[in-house]
Ligand code: SF4
Ligand code: SF4
């Protein structure tokens with residue numbers, strides 16, 4: 396007889412397994428929202444190679460080859476697909492923060508985006524990026540303090 400706890404664990408494992416192997420499909424949100432150094436493409440600017448998919452897919456830069464949002468890697472439920480919730484979430488920040496980027500202006504204020512931002516920022520440092528010059532750092536106060544100390548340390552080392 397399987398205990399309730401093990402049953403919950405099993406269900407969670409099955410759910411995570413079913414989220415693996417996701418494909419971007421028609422989504423090309425990160426081709427606009429993210430900056431691509433190799434192409435000198437700024438963030439929040441459509442990529443010149445994007446046309447219902449990547450026109451240079453086999454030769455796309457390393458930045459593109461290595462990027463996957465948290466939805467794609469199966470860390471988030473279906474409703475947090477970037478085109479459904481209006482934000483792209485990832486864990487690429489070198490200091491371990493979660494980053495939430497708007498897919499279109501104001502999209503981080505929609506209820507579904509707010510829901511995930513509120514959840515993440517109650518647990519971990521969460522950077523909300525609303526444009527090249529507009530970002531907020533949210534999270535538990537002690538975690539944000541520690542994060543800012545690490546940022547300042549890095550900046551002073553550069
Ligand atoms: S935002 Fe995520 S789902 Fe959309 S194209 Fe980029 S990696 Fe794929
Ligand atoms: S090179 Fe391709 S994958 Fe990279 S941002 Fe442009 S369209 Fe997207």
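Numbering (my numbering), first residue to last: 396 to 553. Backbone N, C-alpha and C fix where the C-beta goes; we use that ideal spot for every residue, glycine too. Source: prediction; values computed, not measured.
Assuming residue 532 and residue 524 form a contact by the criterion Cβ under 8 Å, report the distance between their Cβ atoms to the nearest whole angstrom. Translated into the one-based positions of the chain shown, residue 532 becomes position 137. Translated into the one-based positions of the chain shown, residue 524 becomes position 129. Residue 532 to residue 524, Cβ: 10 Å. No contact.
Measure from the alpha carbon of residue 528 to the alpha carbon of each residue in 514, 497, 552, 517, then state which is nearest. Within the chain shown, the letter at position 133 stands for residue 528. The shortest C-alpha separation from residue 528 is found at 497.
Out of curiosity, what's the CA-to-CA distance linking residue 536 and residue 542? By one-based count along the chain shown, residue 536 stands at place 141. By one-based count along the chain shown, residue 542 stands at place 147. Rounded to the nearest angstrom, the two C-alpha atoms are 10 Å apart.
Relative to the C-alpha of residue 423, which residue among 514, 488, 446, 431 is closest? By 1-based counting over the chain shown, the position of residue 423 is 28. That would be 446, whose Cα lies nearest to the Cα of residue 423.
If we count the other Cβ atoms within 10 Å of its Cβ and call it buried at 16 or more, is residue 461 buried or exposed? One-based indexing of the chain shown puts residue 461 at position 66. Classification of residue 461: exposed, given that the 10 Å Cβ count is below 16.
Which stretch, first to last residue, makes up the beta strand (DSSP E) that contains residue 490? The sequence position of residue 490 within the chain shown is 95, counting from 1. Element bounds for residue 490: n/a, residue is neither H nor E.
Entirely enclosed beta strand (DSSP E) segments - the segment 483 to 529, minimum 3 residues: Listed in chain order, they are 493 to 497, 521 to 526.
Three-state secondary structure (DSSP) at residue 434? Position 39 of the chain shown holds residue 434. It is helical.
To which residues of the same chain is residue 481 closer than 8 Å at the C-beta, ignoring the five residues directly before and after it? Indexing the chain shown from 1 puts residue 481 at position 86. Excluding positions up to five away in sequence, the list reads 497, 498, 499, 502, 503, 505, 507, 508.
Give a yes or no on whether the minimum CB-CB distance between residue 448 and chain D is below 9 Å. Any reference to chain D falls outside this structure, which holds one protein chain only.
From this set, 494, 449, 515, 429, which residue's C-alpha is nearest residue 420's C-alpha? Within the chain shown, numbered from 1, the residue matching residue 420 stands at position 25. Measuring from the Cα of residue 420, the nearest candidate turns out to be 449.
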